[in-house]
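Chains as they are written, first to last, in our numbering: chain A, 32 to 142; chain B, 32 to 145. Where a beta carbon is used, it is the ideal one built from N, C-alpha and C, also for glycine. Single-structure report; data block below.
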Amino acid sequence: TQLLEQSPQFLSIQEGENLTVYCNSSSVFSSLQWYRQEPGEGPVLLVTVVTGGEVKKLKRLTFQFGDARKDSSLHITAAQPGDTGLYLCAGREGGGNKLTFGTGTQLKVEL
Amino acid sequence: DVKVTQSSRYLVKRTGEKVFLECVQDMDHENMFWYRQDPGLGLRLIYFSYDVKMKEKGDIPEGYSVSREKKERFSLILESASTNQTSMYLCASSLWIRRTGGYTFGSGTRLTVV
Chain A
32 TQLLEQSPQF
42 LSIQEGENLT
52 VYCNSSSVFS
62 SLQWYRQEPG
72 EGPVLLVTVV
82 TGGEVKKLKR
92 LTFQFGDARK
102 DSSLHITAAQ
112 PGDTGLYLCA
122 GREGGGNKLT
132 FGTGTQLKVE
142 L
Chain B
32 DVKVTQSSRY
42 LVKRTGEKVF
52 LECVQDMDHE
62 NMFWYRQDPG
72 LGLRLIYFSY
82 DVKMKEKGDI
92 PEGYSVSREK
102 KERFSLILES
112 ASTNQTSMYL
122 CASSLWIRRT
132 GGYTFGSGTR
142 LTVV
C-alpha cells in the first residue's frame with residue numbers, strides 16, 4: 032500500500048497570501064488526484080494529473096505532478112476565504128480503480 | 032444531479048451493537064468504496080466492490096464486513112461495534128472504465144460508539 036504524506040498538516044493564512052501544499056510518496060503513481068472537502072461534506076475532485084511533469088491550472092490553483100510521478104504540489108495564489116477546507120491528494124496504483132489518500136492539509140483563510 | 036447518498040448523517044450506537052451503514056448511488060457506477068476518516072490519518076480504505084456480490088478488503092477491514100446485493104447499494108456492517116470504530120465514514124463510487132476518473136463521495140456518516 033502506498034503511503035502519501037502531505038505537508039503542512041495545518042495552514043492558517045490571511046486573504047491574499049500565496050501557499051503551497053505538498054504530497055509525497057516513495058512509490059510511483061499512475062495518476063494523482065486532488066480533492067477539497069468542506070465541513071459536513073464529502074471530498075470533491077479538483078483535478079487529475081497523469082503525466083510526469085504535468086502542470087494543470089484551475090483559476091488560482093496550480094497543480095504539478097513530479098517528473099518521477101512520486102510527488103505533487105498544489106499552489107494557491109491570492110487565497111480567499113472560500114478556499115478554506117481540507118485538501119487531500121490521492122494516488123492510483125497501476126491501472127486499478129483503487130485510490131490511496133494522503134493525510135490531508137487543513138487550510139484556513141481569514142479576512 | 033448525480034449523487035451518492037448515505038442513509039444517516041449522525042449515528043450513536045452502544046458497544047457490542049451490530050451497525051449497518053447504507054450507501055446508494057444513482058450513477059450506475061460499477062465501483063463502490065467505504066473509507067473511514069480520522070484527523071491526521073486522511074481517508075483509509077475499509078472495503079471496496081467492483082461488481083454486484085463482489086468485494087475486496089482494503090487496508091483496514093478488521094471488524095467490518097460489507098454487502099453488495101444490488102449495483103446501486105453498498106452496505107458497511109460493523110458486526111460488534113467498539114469505541115475505536117468511532118469515526119467519520121465515507122462512501123464513494125466511480126466508473127470502472129474511467130481509470131483516471133474521480134470518485135463521487137457521499138456526505139458521510141459520523142458514527143459515535145459509546
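A/G113 (DSSP reduced to helix, strand or coil): Here residue 113 of chain A refers to the residue found at position 82 when the first sequence is read from its first residue. Reduced to three states, the DSSP call for A/G113 is helix.
Distance between beta carbons of B/E61 and B/L126, contact taken as under 8 Å: Residue mapping note: residue 126 of chain B aligns to position 95 of the second sequence, counting from 1. Residue mapping note: residue 61 of chain B aligns to position 30 of the second sequence, counting from 1. Yes, they are in contact, since the Cβ atoms of B/L126 and B/E61 sit about 7 Å apart, within 8 Å.
Classify A/L130 as buried or exposed, calling it buried when 16 or more other Cβ atoms lie within 10 Å of its own Cβ. Within the first sequence, numbered from 1, the residue matching residue 130 of chain A stands at position 99. By the 10 Å Cβ count, A/L130 comes out buried.
Starting from the Cα of A/P112, find the closest Cα among A/P39, A/L35, A/Q37, A/I44 and give me that residue. The residue given as residue 112 of chain A occupies position 81 in the first sequence. A/I44 is the residue among A/P39, A/L35, A/Q37, A/I44 whose C-alpha sits nearest the C-alpha of A/P112.
Is the separation between the beta-carbon of A/D114 and that of A/V78 shorter than 9 Å? Start at 1 with the first residue of the first sequence, and residue 114 of chain A comes out as number 83. Start at 1 with the first residue of the first sequence, and residue 78 of chain A comes out as number 47. In this structure, A/V78 does not lie closer than 9 Å to A/D114 by Cβ.
Which residues in the same chain as A/L119 place their Cβ atom closer than 6 Å to its Cβ, once the five residues preceding and following it in sequence are excluded? On the first sequence, position 88 is the one that residue 119 of chain A refers to. Taking C-beta separations shorter than 6 Å and ignoring five residues to either side along the sequence, the partners of A/L119 in its chain run Y66, P74, F132, G133, G135, following chain order.
What does the Cβ neighbour count give for A/L142, buried or exposed, with the cut at 16 atoms within 10 Å? In the first sequence, the residue the question calls residue 142 of chain A occupies position 111. Per the 10 Å Cβ criterion, exposed.
Provide the residue(s) that pair with B/G73 in DSSP beta bridges, ordered along the chain. Along the second sequence, read from residue 1 onward, the residue named residue 73 of chain B stands at position 42. DSSP, once it has assigned bridges, lists B/D69 as partnering B/G73.
Within-9 Å CB hit, A/V75 to chain B: Here residue 75 of chain A corresponds to residue number 44 of the first sequence, with the count starting at 1. It does; some Cβ of chain B falls within 9 Å.
Around the C-beta of A/S56, are 16 or more other C-beta atoms found within 10 angstroms, so that it is buried, or is it exposed? The residue you call residue 56 of chain A lines up with position 25 of the first sequence. Only buried fits A/S56, as 16 or more other CB atoms lie within 10 angstroms of its CB.
Just to confirm my understanding: we take B/F136, look at its own chain, exclude 5 residues before and 5 after, and list those with CB closer than 8 Å. What are they? By one-based count along the second sequence, residue 136 of chain B stands at place 105. Leaving aside the five residues that flank B/F136 on each side, the residues in its chain whose CB is nearer than 8 Å to its CB run, in chain order, V35, L121, C122, A123.
Please compile the residues from chain B whose C-beta is within a distance smaller than 7 Å of the C-beta of A/N55. Residue mapping note: residue 55 of chain A aligns to position 24 of the first sequence, counting from 1. The premise fails here: A/N55 is roughly 13 Å from chain B at the closest Cβ pair, so nothing lies under 7 Å.
I think A/V80 touches A/S103, with their Cβ atoms under 8 Å apart; what is that distance to the nearest whole Å? Locating residue 80 of chain A in the first sequence gives position 49, where the first residue counts as 1. Locating residue 103 of chain A in the first sequence gives position 72, where the first residue counts as 1. Yes, A/V80 and A/S103 are in contact; Cβ-Cβ is about 7 Å, under 8 Å.
Rank A/S62, A/T108, A/L63 by C-alpha distance to the C-alpha of A/E48 and give the top, closest one. Translated into the one-based positions of the first sequence, residue 48 of chain A becomes position 17. Closest by alpha carbon: A/T108.
If the criterion is Cβ atoms closer than 9 Å, does the pair B/R104 and B/E53 meet it? Within the second sequence, the letter at position 73 stands for residue 104 of chain B. Within the second sequence, the letter at position 22 stands for residue 53 of chain B. Yes, the pair counts as a contact, with Cβ atoms nearer than the cut-off.
Looking at C-alpha atoms only, which residue of A/E72, A/S61, A/R91 is the closest neighbour of A/A110? Position 79 of the first sequence, counting from 1, holds the residue named residue 110 of chain A. Closest by alpha carbon: A/R91.
Helix, strand or coil, according to DSSP, for B/N62 in the structure here? Counting from one through the second sequence, the residue named residue 62 of chain B turns up at place 31. Note: B/N62 maps to strand in three-state DSSP.
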